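Residue numbers (the working numbering): 61 to 317.
C-beta atoms are modelled at their ideal positions from N, C-alpha and C, and glycine is treated no differently.
No experiment lies behind these values; they were computed from the predicted model shown.
Working notes, structure below.
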Amino acid sequence: MSKGKQAARKLMFECGIENPTEFPLEDIVFGRGAILIETPLKNSEGRIVFGGSKALITINSNISYAYKKRFIIAHELGHFEMHRHLAIRPDLDISSEYFKEGVHEREANEFASELLMPEHLFMKECSGKKFSPNLLRSLAERFQTSLTSVAFKYFEEGELPYCLFYSQNNKVLYWKKPEDYPHFVNNRRNLKPPKDSVAAEFFNNQKIYKKEESKQHVWKSTWFELNRDEDDSHFNFYEYCIVTRAYNSVISIVWEE
61 MSKGKQAARK LMFECGIENP TEFPLEDIVF GRGAILIETP LKNSEGRIVF GGSKALITIN
121 SNISYAYKKR FIIAHELGHF EMHRHLAIRP DLDISSEYFK EGVHEREANE FASELLMPEH
181 LFMKECSGKK FSPNLLRSLA ERFQTSLTSV AFKYFEEGEL PYCLFYSQNN KVLYWKKPED
241 YPHFVNNRRN LKPPKDSVAA EFFNNQKIYK KEESKQHVWK STWFELNRDE DDSHFNFYEY
301 CIVTRAYNSV ISIVWEE
């Protein structure tokens with residue numbers, strides 16, 4: 061079990077919390093001994109400043125999406141619980157945070173994910189349900205957290221394996237794929253998204269599909285290497301994009317059916 065997940069479960073046990081959606085997250089932060097305020101921040105969604113055993117958590121008051129704000133609060137609380145002895149720099153775009161390789165950021169994300177979406181409850185909600193963009197949206201509503209955080213939780217815990225690609229300013233920066241994934245990802249780091257991808261449609265034409273159209277068919281060769289003896293028409297791949305206009309960024313979820 062990861063350090064972040066373990067710390068979240070420890071907090072829930074000590075606080076007697078079974079379902080985080082039943083308690084205001086702000087009360088949990090206060091109960092753990094941290095101070096939480098909201099104020100406008102530049103180039104930052106949230107940050108934490110330590111002072112002895114105390115800490116000041118600041119959340120960007122310009123965030124209008126309440127579920128996103130919950131994840132950022134949980135992320136900073138994770139730093140408070142696990143990294144009080146360290147100097148943590150301010151956090152940036154919550155989407156890109158998932159792809160950062162720093163161990164402390166990863167642990168804070170794991171903490172927030174488990175605190176807001178406990179594994180046993182998350183798996184119960186997913187059980188027997190076919191993967192789709194609508195499933196991710198319903199999970200975000202159920203656990204009152206951001207769609208991005210749900211996408212990464214499902215990547216770790218869900219039944220259907222899929223790949224995640226993070227692009228910003230029309231450039232692919234990072235990706236994640238499941239272990240032993242049978243398809244080889246084309247290396248597009250620091251290159252434009254594939255021209256026939258849904259991500260490229262956004263960057264080139266500002267195209268965002270409606271909910272009922274958000275599952276778009278793509279070729280295997282769009283994101284993956286096509287072997288010499290393979291025919292693109294023999295595969296059924298789909299792409300669903302989570303767009304964050306404020307950061308000109310896209311998370312592409314790509315899966316096979």
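Helix, strand or coil: which one does DSSP assign to G35? Summary: the structure shown does not reach residue 35, with the chain confined to residues 61 through 317, and so no result is reported for it.
For F191, the three-state DSSP class (helix, strand or coil): coil
Nearest neighbour of I117, chosen from L85, K271, I313 [CA to CA]: L85
Suppose contacts are defined by Cβ-Cβ distances below 8 Å. Is K128 in contact with S198 by that definition? no
Counting Cβ pairs, one atom from each stretch, are 3 or more of them under 8 Å apart for the segment 179-188 and the segment 104-117? no
Give a yes or no on whether the C-beta atoms belonging to L175 and L71 are separated by under 8 Å. yes
Strand pairing of V303, partner residues [DSSP]: V310
What separation, rounded to the nearest whole angstrom, lies between the Cα atoms of I302 and I95? 32 Å
How about F244 and W283: are their beta carbons less than 8 Å apart? no
Taking the alpha-carbon of S209 as reference, which of A168, N247, P238 has the nearest alpha-carbon? A168
Unbroken alpha helix (DSSP H) run spanning L85, endpoints: 85-91
Sort out for me which residues DSSP pairs V232 with in a bridge. S227
Counting only the same chain and skipping the five closest in sequence on each side, list residues whose C-beta sits under 6 Å from that of K63. E167
Can you grab the Cα-Cα spacing for the pair G93 / S113, in whole Å? 8 Å
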